[in-house]
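Have a look at the structure below before the remarks.
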Amino acid sequence: VQLQASGGDLVQPGGSLRLSCAASGITFRVYNMGWYRQAPGKRRELVATITAGGGTNYADSVKGRFTISRDNAKSTVFLEMNSLKAEDTAVYYCNAQPVGVSTMNYWGQGTLVTVSS
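Just so we're aligned, residue 3 is where the sequence shown starts under our numbering, counting upward by one.
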């Protein structure tokens with residue numbers, strides 16, 4: 003199983019970025035997918051999730067600014083990030099969990115997002 007995250011970059015406050023996570027080695031359409039982030043010195047936290055059926059959930063801190071989506075044909079999950087703030091600076095990780103199997107979890111390698119002027 004591989005989860006290849008990409009799209010991280012240095013961006014100014016108020017800017018936008020789109021993260022992608024391409025999955026291989028799994029039947030993507032039956033996996034719930036998520037984005038998590040870990041800032042320096044802090045614990046990893048949930049950013050957004052999208053179920054196999056397309057239902058979404060967001061951390062309060064990103065509601066209205068971030069949008070998670072998926073393309074099952076390309077086995078890819080996206081995170082559209084707008085109105086970025088300095089506190090969004092973190093390594094962003096992609097997560098995959100098969101529907102109905104809470105004991106299985108796969109993680110990508112992370113992509114760095116830095117929001118700074």
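For every residue, glycine included, the Cβ atom is placed at its ideal position computed from N, Cα and C.
Report task. Look at A50 and F68 and say whether their C-beta atoms are less than 7 angstroms apart. Result -> A contact, by the Cβ cut-off of 7 angstroms.
Requested in this report: Kindly give me the distance between the Cβ atoms of Q40 and A92, rounded to whole angstroms, as I take these residues to be in contact under 8 angstroms.
Outcome: Cβ atoms of Q40 and A92 come within 8 angstroms of each other, at about 6 angstroms.
Query - Endpoints, the beta strand (DSSP E) within which E82 is located - result: Counting along the chain, the beta strand (DSSP E) containing E82 begins and ends at 78-83.
Query - Beta carbon of G110 nearer than 7 angstroms to that of L5 - result: Yes.
**Report entry** Under the three-state DSSP convention, the category R45 falls into
**Finding:** The three-state reading of DSSP puts R45 in coil, since its state is none of H, G, I, E or B.
Report task. Just the C-alpha distance for L21 and P42, rounded to the nearest angstrom, thanks. Result -> If you take the alpha carbons of L21 and P42, they lie about 19 angstroms apart.
Query raised in the report: What residue from V117, A98, G27, R45 has the CA that sits closest to R72's CA?
Result: Ranking the options by Cα distance to R72, first place goes to A98.
Report task. Under 8 angstroms Cβ to Cβ from A54, same chain only, skipping five residues before and after it: list those, please. Result -> Once the five neighbours on either side are set aside, the close Cβ partners of A54 are R31, V32, Y33, N34, V101.
Report task. Pick helix, strand or coil for D90, following the three-state DSSP scheme. Result -> It is helical.
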